[in-house]
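Asker: Count along the sequence shown from 1, add 766, and you get the number used in the numbering used here. The beta-carbon is built from N, C-alpha and C at its ideal position, and this holds for glycine as well. Computed from a predicted structure; not experimentally measured. Starting off with a structure, shown below.
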Amino acid sequence: MLNITTIKRQNVGKVVNYYADSADDYYAKDGSAMQWHGQGAEVLGLSGTVEQRRFAELLDGRIDQQTHLRRTKPSEARKERLGYDLTFSAPKGVSLQALVHGDEKIIAAHDKAVAAAVREAEMLAAARYTAKGKTSVERTNKLVVATFRHETSREVDPDLHTHAFVLNMTQRHNGEWRALVNDGIVHSLSHLGNVYKAELAKELERQGFLLRYDRNGTFDLAHFTDHQIHEFSGRRNQIDAQLAAWGLDRETATPSQRDRAAMQTRERKTAIDRDNVRAAWQARAKELGIDFHSREWAGVGKDGVGKDGAEKDGLGKDDVSADGRNRSRTRAPQIEKPLEYHADQTVRFAIRSLTERQAIVTGEALLAVALKHGYGRLSASDIRAAIDRAKDGGHLIKEDTLYRSMNPARRDGKDAKAALGGPALTREQWIAELMTGNRTREQAKAMVDSGIAKGRLQDTGTRYTTHIAQRRERDILALERAGRLRIEARLTAQQIDAYLATRTRTDERPGLNVEQARAVARIADTTNQFMAVPGFAGVGKSYMMKSAKELLEEHGYHVSALAPYGSQKKALEESGIETRTLQSFLKAKNKKLDGNTVVFIDEAGVIPARQMLETMKVIEATGARAVFLGDTAQTKAIEAGKPFEQLLAAGMQSTEIRTIQRQKHPELLKAVELAAVGKAAASLAHITRVREVKDSNQRYSAIVQAYAGLAPAERTETLVITGTNHSRKEINDGIQRALGLKGTGIEYTLLDRLDTTRAERRHSKYYEKGAIIIPERDYRSGLKRGEQYTVLDTGPGNRLTVRGADGAVLTVSPAQTTQLSVYKPERTELAVGDQIKITRNDKDRDLANGDRFTVKEIREKEIIVEGGGRRITLDADQAMYASLAYASTVHSAQGLTCDKALINLETRSLTTAKDVYYVAVSRARYEAEIFTDDGKRLPAAVSREADKTAALEISQLQRHVEKEHGKNGQALDGPKAPKQKEQGGPDMAMGV
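Have a look at this one:
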């Protein structure tokens, strides 16, 4: 709903006439289509209708007769940025109601929403200036904006949209006009779009319209059907067709790819007769059966009634629509709760949803999620006030603001992110840094405050955590500390030495190396209830564990293991260790633990804080012992927290294994060793081969050819690893085609899990039509555990209408059926010879998520697969939990080993980071070949830190500040904040 285009001087000839074209639109007769906005415009005496001559003068930088603003060098005049076109587009149904039916109140609502977004953008306005050799940035809060409302798309469909042209100028507090620093606006497009949508939804609901929301944060009028919307969306369909030709859709495409698709399908606008066009629209609307007077939900959901006797809107206790309103029409009217209540509830939803994945959340993310969830009722100011209340009430803990200095060498404004350098420090830490020599605290404080005010120190953004998250992490650390010296060791040093004497590696026999033997000894003689054996990927932790099990069981212990994933569980079972998945262990009534049990917990680095605390509580209560095995450098848990890393940092007993044994080629071994210790950029020099292929489709094709060109035996020992699900699907499809299997099989429906949080699954708007839900237990509504239900509709109200495999239609409340898994069905061809993997655990059939098989027979209603010495029949009469397995994401590949790895690393994707790179290259024994879009950017991309956080990081920072400065502000003994050597120290960083 919001796009940005930079307008340069070379385009100036077309600009004025193009925007003024709105003057002839059907609903522009009153002059409201072209309006001035912004405090900068007020300063210039501009208000009301935009006059073309004055607009052209300002484009040229002619502010008045004495002031002519130049925003670039004369030699680069054609590239001078005249302004930025922010285009706000209403949803299609809103356009139809406004323009075809003629509802001018909706046009007014759209204009009001655009104005709200422009006011929000104005809060980001800034100017850069230099005085005495020091570059500063001043917040001006003044924009000059001309809005031009248009009514048609290039396909002459109804398309209510406004070009908010932000002129490249702003006025400083001293009255001087300067070019606009646009970084804040450019980096806040998503937020500005949300502000527009929030205000528009709020106005539409006030007018009595029912809105249909979806999981992507968009909405439309609910009385239009999908078919009616589609038939009036010629321009959107063109862009979608172009994306589809590239193997993309609106969800998988990047913003630049969507813009490129729009440009390549763009046709020249032609002169049209507005009256004739509107008449044609109305005739088409009549053919499509559009009822513009309806305010009812259009879809199967309007008639649904659950078997459990739920009311028509499927609302139960605490069950309200996504915007917080109770929409039931069949129950007695209820007292409307105040706006603050709904805002508080919406912010709590955002906190729950975000902190499920991250212990620390940014203020930007919190505002975005809450704003989307509150569409129809709440504005950005409502959300900000609720966030402040959550902070004041103790529900949120706000981190002290951190500031990073502007790099003096990069203050040209061309790359705002590159201009920021050095560590991020609090205001107090910066003051401490500047208290050098004879400089007093007051002098240092004045310098820091001046640096903040003038933009030489820029804040890195607000971050929050919760008391719940911090308490969970404190409890984890407290349990480990309480378990120290709690256990009485049974084995003597002589017994341990006697065992190791027969198991230690010598020149004549294989066995435990020195590090592995030391780990076995510490496991046997520890007096701590919790300990760890951290180790790099491929160091032989599983072999060590097997040996420790043998020693412990010889002396009367019962040994078992826990693993986060089903595939890891199977690998441990194959080595002879009784293993359960962590999830099944926590759900089981009989934990099978006592004081005689030692539990090995594998891949501890991917266990989130929630599960870690539950597990440790059980072990502590039963008197059992736990040994954590894992690698802090590999990918972390999907859920919030990094407790394994915290436990090690807090001093939990550990014995490390560092000698890597997996890699058999010396250069690859060197690459993995460097990656293991965080030196990813240096590691690249030792990779078998790095190939740059800029175009994504050509790069996928190169990977496909590299894999298909291998001998069959080599392919079975080769992993293709990539970062995103989109690239995984493209590469899988390409390999299937290259192997000659495409067209020889049958299309089946396979299920791909949709990424949703528990908080989202309680609200119908975060589901989508056609999705498959799987209840994890039986419900009164008629849902049966493990059965598949197709989502037919996502409203009205907070309810889902679903159809079971037997054809029965049910209406259920997601707020009351919280234990659901959600999948997206995809039609995929499977042929004899295809490699597939299972995507959901099946305890009854001993199938684990990640199990790999080869297709041996295909039939219309079943598939026969073989792998690992097993022959399995999969029921193809319903959607299957399987996918092609030629390519895997990094998370799926963690724990696997192969001879050769083909790795796709896209430098601009956030899925490329230090931990992802390390996992990917460490899978291979002999060869690792990297395919990338940009060889020059690759070292920086693989050096990118993963953003996993711990809630206590915030309080630790605050304690550090208190310790360093004390109550009276005097510096105390203790660790200092790191010096900014790369910038010549704090004085240079501050521009002193």
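Provide the residue span of the beta strand (DSSP E) that contains Val1299, from first to last.
Answerer: Taken as a continuous stretch (DSSP letters only), the beta strand (DSSP E) holding Val1299 covers 1296-1300.
Asker: Based on the DSSP secondary-structure assignment, which residues constitute the bridge partners of Glu1513?
Answerer: Bridge partners of Glu1513: Glu1595.
Asker: Along the chain, where does the beta strand (DSSP E) that runs through Tyr1555 open and close?
Answerer: Per DSSP, Tyr1555 belongs to the beta strand (DSSP E) from 1555-1559.
Asker: Assign Val952 to one of two classes, buried (16 or more other C-beta atoms within 10 Å of its C-beta) or exposed (fewer than that).
Answerer: With fewer than 16 Cβ atoms within 10 Å of its Cβ, Val952 is classed as exposed.
Asker: Output needed for His1657: all residues of its chain with C-beta closer than 8 Å, excluding positions within five of it in sequence on either side, in chain order.
Answerer: Only Thr1401, Ile1404 meet the Cβ criterion.
Asker: Using a Cβ-Cβ cut-off of 6 Å (strictly less than) and excluding sequence neighbours within five positions of Arg1618, which residues of its own chain qualify?
Answerer: Around Arg1618: Lys1603, Gly1633, Ala1651.
Asker: Taking the Cβ atom as the reference point for each residue, do Arg775 and Leu848 lie within a distance shorter than 8 Å?
Answerer: In contact: Arg775 and Leu848 (Cβ atoms closer than 8 Å).
Asker: With DSSP run on the structure shown, which of helix, strand or coil describes Ala1327?
Answerer: Strand at Ala1327.
Asker: With DSSP as the reference, please indicate the residues paired to Leu977 in a beta bridge.
Answerer: Paired residues: Leu987.
Asker: In this structure, does DSSP put Asn940 in helix, strand or coil?
Answerer: Three-state DSSP puts Asn940 in coil, outside helix and strand.
Asker: Which word fits Val714, buried or exposed, when buried means at least 16 other C-beta atoms lie within 10 angstroms of its C-beta?
Answerer: Any property of residue 714 remains undetermined from this structure, which presents the chain solely from 767 to 1758.
Asker: Note down, one range per segment and in chain order, each alpha helix (DSSP H) of at least 4 residues found wholly within the stretch 1392-1432.
Answerer: The stretch 1392-1432 contains these whole alpha helix (DSSP H) runs: 1409-1415.
Asker: Between the C-alpha atoms of Lys1103 and Asp1148, what's the straight-line distance to the nearest angstrom?
Answerer: Cα-Cα distance, rounded: 15 Å.
Asker: Please classify Val1280 as buried or exposed, where buried requires at least 16 neighbouring CB atoms within 10 angstroms.
Answerer: By the neighbour-count rule (16 or more Cβ atoms within 10 Å), Val1280 is not buried but exposed.
Asker: First and last residue of the beta strand (DSSP E) that includes Leu1566?
Answerer: Where Leu1566 is concerned, the enclosing beta strand (DSSP E) stretches over 1566-1570.
Asker: Helix or strand or just coil, what does DSSP make of Thr1584?
Answerer: Coil at Thr1584, not helix or strand.
Asker: Could you check what DSSP says for Arg1455 in three-state terms: helix, strand or coil?
Answerer: Here Arg1455 sits in strand by DSSP.
Asker: Have a look at Lys871 and Asn948 and give me their C-alpha separation to the nearest angstrom.
Answerer: The alpha-carbon atoms of Lys871 and Asn948 are separated by roughly 33 Å.
Asker: I need the straight-line Cα distance from Thr1363 to Ile1469, nearest angstrom please.
Answerer: Roughly 47 Å between the two C-alpha positions.
Asker: Would you give the residue range spanned by the beta strand (DSSP E) that Thr1577 belongs to?
Answerer: 1575-1578 is the span of the beta strand (DSSP E), which, as asked, contains Thr1577.
Asker: Let's see if you can read the secondary structure: which residues bound the alpha helix (DSSP H) around Asp992?
Answerer: Asp992 -> alpha helix (DSSP H) spans 992-997.
Asker: Taking its Cβ as the centre, do 16 or more other Cβ atoms sit within 10 Å of Gln1464, making it buried, or is it exposed?
Answerer: It counts as exposed.
Asker: Which residues bound the beta strand (DSSP E) around Ile1815?
Answerer: Residue coverage of the chain in this structure runs from 767 to 1758, which leaves residue 1815 outside it and unanswerable.
Asker: Using the three-state DSSP reduction, which class does Ser1462 fall into: helix, strand or coil?
Answerer: Helix.
Asker: Mind checking Ser1350: buried by the 16 CB within 10 Å criterion, or exposed?
Answerer: Classification for Ser1350: exposed.
Asker: From Glu1542 to Ala887, what distance separates their C-alpha atoms?
Answerer: Their backbone Cα atoms lie some 45 Å apart in a straight line.
Asker: Where in the stretch 1464-1491 do unbroken runs of the beta strand (DSSP E), each at least 3 residues long, occur, reported from the N-terminal end onward?
Answerer: Complete beta strand (DSSP E) runs here, min 3: 1484-1488.
Asker: Quick check on this structure: which residue in Ala1525, Glu904, Arg1376 has the alpha carbon closest to the alpha carbon of Thr936?
Answerer: The residue with the shortest Cα to Cα distance from Thr936 is Glu904.
Asker: Let me check understanding here. Comparing Cα to Cα, which of Ala1051, Leu1144, Asp830 lies closest to Ala964?
Answerer: For Ala964, the nearest C-alpha among the options comes from Leu1144.
Asker: Identify every residue that forms a DSSP beta bridge with Met1201.
Answerer: Beta-bridge pairing links Met1201 to no other residue.
Asker: Pull the bridge partners of Ile1367 from the DSSP assignment, please.
Answerer: Leu1328, Phe1394.
Asker: Relative to the alpha-carbon of Ile1385, which residue among Ser1171, Ala1327, Glu1458, Thr984 has its alpha-carbon at the smallest distance?
Answerer: The shortest Cα separation from Ile1385 among Ser1171, Ala1327, Glu1458, Thr984 belongs to Ala1327.
Asker: In the DSSP assignment, what are the bridge partners of Tyr895?
Answerer: For Tyr895, which the question treats as bridged, DSSP gives the partners Ser902.
Asker: Under three-state DSSP, which class holds Asp1521?
Answerer: Coil, per DSSP.
Asker: Under three-state DSSP, which class holds Gln1601?
Answerer: Residue state, collapsed to three classes: strand.
Asker: Tell me whether Lys1335 is buried or exposed, calling it buried when 16 or more other Cβ atoms sit within 10 Å of its Cβ.
Answerer: With 16 or more other Cβ atoms within 10 Å, it is buried.
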